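In our numbering, the protein residues as written are 144 to 382. Built from N, CA and C at the ideal position, the CB exists for glycine as well. None of the values given here were measured: they were computed from a predicted structure. Take a look at the structure set out below.
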């Protein structure tokens, strides 16, 4: 934070100065084959020495519960695995509060880590909760759907519905990292007759680029978050 301008004591009452507040955070999107069977060094590196609360849905649990619990069990430290009913009908503040309550119960500290394993709703819920717990802690995303891997899983937003208004309250809170397993049962179940999803990214020159499949998200991203509801990024950006 830096002061753009200040007034002297002799000047009349009015605006004292203008503060400009912004932060730039970089995070890696990592191709991590093997996550769906419970093995990957990138996950171990992300959670090493931290208290970890992993959130997933019943559907993902039924497919990958054994692999996910194996991932956590192989790490040292305090870890908790929670299966919550998620979906558009559960995309509201009460679900976010539930995640915050679980974090408080396990005494998640400022170095604590939330992990979202699921689709877009799971990512939204965990992102929003992470932005509020202790005024902002790290979260890791493991999107399990093809749409999630090219959209919500690599974005920097989190939001929930309120009084019938979709994504009415939310935040900009970039993840500490994103792990992609391009081959998992949820992706293989994606109907082959459906065209692959496309993501749009803006370059610095303002031109739109159309990119397809998982390659849109592999590599480092840099998110710039400012006050007043604005966000941006250097180079390519997913907002």
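Around the Cβ of residue 284, a 10 Å sphere holds 16 or more other Cβ atoms; the residue is buried. Per DSSP, residue 285 is one residue of the beta strand (DSSP E) stretching across 281-286. DSSP places residue 194 outside both helix and strand once states are collapsed to three, so it counts as coil. Residue ranges of uninterrupted beta strand (DSSP E) with 3 or more members, entirely inside the stretch 217-295 and ordered along the chain, are 222-226, 256-261 and 281-286.
If you ignore the 5 residues before and after residue 314, its C-beta comes within less than 6 Å of the C-beta of 271, 274 and 301, all in its own chain and listed in chain order. For residue 241, the CB contacts under 7 Å within the same chain, skipping 5 residues up- and downstream, are 227 in chain order. A residue is called buried when at least 16 other Cβ atoms come within 10 angstroms of its Cβ; residue 238 meets this threshold and is buried.
With the rule of 3 Cβ pairs closer than 8 Å, the stretch 189-206 counts as touching the stretch 240-259. Secondary structure of residue 200 (DSSP, three-state): coil. Its chain contains 183 as the residues whose beta carbon lies nearer than 6 Å to that of residue 177, once the 5 sequence neighbours on both sides are disregarded; these appear in chain order.
C-alpha of residue 297 to C-alpha of residue 217: approximately 26 Å in a straight line.
Residue 208 sits in a helix when the DSSP states are folded into three classes.
For residue 175, the secondary structure class from DSSP, reduced to helix, strand or coil, is coil. It is roughly 27 Å from the alpha-carbon of residue 325 to the alpha-carbon of residue 232. For the 8 Å CB-CB criterion, residue 225 and residue 206 do not form a contact. Just measuring C-alpha positions, the residue of 309, 281 and 295 sitting nearest residue 287 is 295. Proximity to residue 223 across 279, 229, 208 and 235 peaks at 208, based on C-alpha coordinates. Membership of residue 314 in the beta strand (DSSP E) is indicated by the continuous run 308-315. Here residue 303 is actually not in contact with residue 249; their C-beta atoms are around 22 Å apart, not less than 8 Å. Annotation for residue 161: the continuous beta strand (DSSP E) segment containing it runs 160-163. Scanning its chain for C-beta atoms nearer than 6 Å, with the 5 sequence neighbours on each side dropped, one finds around residue 310 the residues 302, in chain order.
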